[in-house]
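Quick note on numbering: our numbering labels position 197 of the sequence shown as 243, and the sequence is numbered without any gaps. Taking it in order: structure first as structure tokens, then the write-up.
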Amino acid sequence: MLRVLIVFCFVVVIPSSFAGEVPSFEEPTVDDLMDQRSVIDKDIGDAEKNKNTPSYKEPTVDSLVEQQSIIDKALMEAEGLAKSGILDEQLNSSKRLMNSIEYPKGGLGFEMPSYLSKLNDKGYLDRALNASVNSPEELPYGDFPQPLVLVSFSMPEEQILSLVNEAAKVGASVVVRGLIDNDLQKTVWALKDLSSQVEGGGLAIDPTVFKRFDITSVPSFVLPFEALKRCDGVVCAVPSYTKAAGSVTLRYFLELVERSATKEDERAIAKSWIAKYEL
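Right, here's the structure in full:
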């Protein structure tokens with residue numbers, strides 16, 4: 047018997063895209079992993095934030111009715127209070143209490159030049175510099191050399207009080223240049239407030255002292271070595287003196303003069319004032 051062997055041949059066509067080498071797997075870099083981690087963390091954070099954020103809910107009819115009832119009740123109570131006169135009585139009582147408060151009277155604890163009370167205007171400083179000073183109470187000095195502490199209302203109140211109290215113990219004078227904002231009333235009340243807190247002494251107002259000793263900063267300390275004389279018309283005599291400026295005590299200044307003075311009589315004047323601290 048004749049046997050026929052039939053052979054089938056199959057041809058497989060491989061697409062060109064699969065030709066060549068199979069690409070190898072690349073491990074992700076650290077930067078890639080960090081970027082992916084940041085994205086994941088951000089998504090988690092956003093999801094957590096949205097989870098905690100309460101969603102808006104429209105108020106129910108019952109809640110609106112309840113709120114309206116509370117408002118109506120408050121309005122009725124306010125109207126009843128106004129009609130009863132209780133509110134007016136409370137206001138009048140407060141007014142009577144305010145009117146019963148007594149303002150400070152008596153001594154002011156400072157030396158106010160008499161001519162300043164007549165010159166309560168913006169030009170008082172110019173006129174004060176040219177004024178003839180005749181009243182003893184207008185001058186913060188006597189017939190002998192006296193330390194002067196020159197201050198300003200721009201300084202901290204605690205510092206002014208400390209210097210005023212120290213000067214009072216030894217009989218020195220604390221001087222300010224002039225009025226606060228050129229306002230006599232404002233200055234008087236400021237001095238009243240200070241005087242209620244000091245142990246003694248006070249403040250003198252005299253712009254000529256600042257001009258005589260060329261004071262440009264505060265606090266400043268001046269120790270005249272001769273008695274300070276009154277101004278004669280527009281002329282203000284300037285005695286020999288020494289001065290210093292800085293946030294120190296009067297005693298520190300006097301001790302500095304005693305150590306650094308070149309003349310024996312100047313050291314003696316400073317020493318005599320230092321001795322007053324021991325009295």
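Even glycine gets a Cβ: it sits at the ideal position worked out from N, Cα and C. Quantities reported herein were computed from a predicted structural model and do not represent experimental measurements.
### Task
Please list, in chain order, all residues of the same chain as residue 275 whose beta carbon is under 6 Å from its beta carbon, the five residues on each side excluded.
Taking the sequence shown and counting its residues from 1, the one referred to as residue 275 is at position 229. Correct list, in chain order: 283.
### Query
Does the beta carbon of residue 206 fall short of 6 Å from some heavy atom of the ligand ATP?
As for the ligand ATP, it is missing from this structure, which has no ligand bound.
### Query
At which residues does the beta strand (DSSP E) containing residue 270 begin and terminate?
Your numbering for residue 270 matches position 224 in the sequence shown. Looking at the DSSP string, the run of the beta strand (DSSP E) that includes residue 270 is 266-270.
### Message
Just to confirm the assignment: which complete beta strand (DSSP E) runs, minimum length 3, are found wholly within the segment 197-267?
### Response
Counting only runs of 3+ residues, the beta strand (DSSP E) found wholly inside the segment 197-267 occupies 219-222, in chain order.
### Query
Going along the chain, which unbroken runs of the alpha helix (DSSP H) with 4 or more residues stay wholly within the segment 110-136?
As far as the segment 110-136 is concerned, it has no whole alpha helix (DSSP H) run of at least 4 residues.
### Task
Would you mind working out which of 291, 121, 236 and 271 sits nearest residue 261, comparing C-alpha positions?
Locating residue 261 in the sequence shown gives position 215, counting from the first residue. When C-alpha distances from residue 261 are compared across 291, 121, 236 and 271, the shortest belongs to 291.
### Query
Can you tell me whether DSSP reads residue 319 as helix, strand or coil?
Numbered from 1 along the sequence shown, position 273 holds the residue referred to as residue 319. Secondary structure of residue 319 (DSSP, three-state): helix.
### Message
When you compare the CB of residue 272 with every CB in chain D, is at least one pair closer than 7 Å?
### Response
Note that chain D does not occur in the displayed structure, where there is just one protein chain.
#### Entry: Separation of residue 239 from residue 231, as counted between CA atoms
On the sequence shown, residue 231 is found 185 positions in, with the first residue counted as 1. On the sequence shown, residue 239 is found 193 positions in, with the first residue counted as 1. Separation of residue 231 and residue 239 (C-alpha to C-alpha, rounded to the nearest whole angstrom) is 12 Å.
### Query
So, is residue 169 buried or exposed, given that buried needs 16 or more other C-beta atoms within 10 angstroms?
Taking the sequence shown and counting its residues from 1, one reaches residue 169 at position 123. In this predicted model, residue 169 has a pLDDT of only 48, less than 50, meaning its place in the structure is not dependable; the value taken from the coordinates is given anyway. Around the beta carbon of residue 169, a 10 Å sphere encloses fewer than 16 other beta carbons of the protein chains shown; the residue is thus reported as exposed.
### Query
Starting from residue 303 and walking both ways along the alpha helix (DSSP H), at which residues does that stretch end?
Along the sequence shown, read from residue 1 onward, the residue named residue 303 stands at position 257. From DSSP, the alpha helix (DSSP H) with residue 303 extends over 296-306.
#### Entry: Straight-line Cα distance separating residue 115 from residue 126
Working through the sequence shown from its first residue, we reach residue 126 at position 80. Working through the sequence shown from its first residue, we reach residue 115 at position 69. Straight-line measurement puts the Cα of residue 115 at about 17 Å from the Cα of residue 126.
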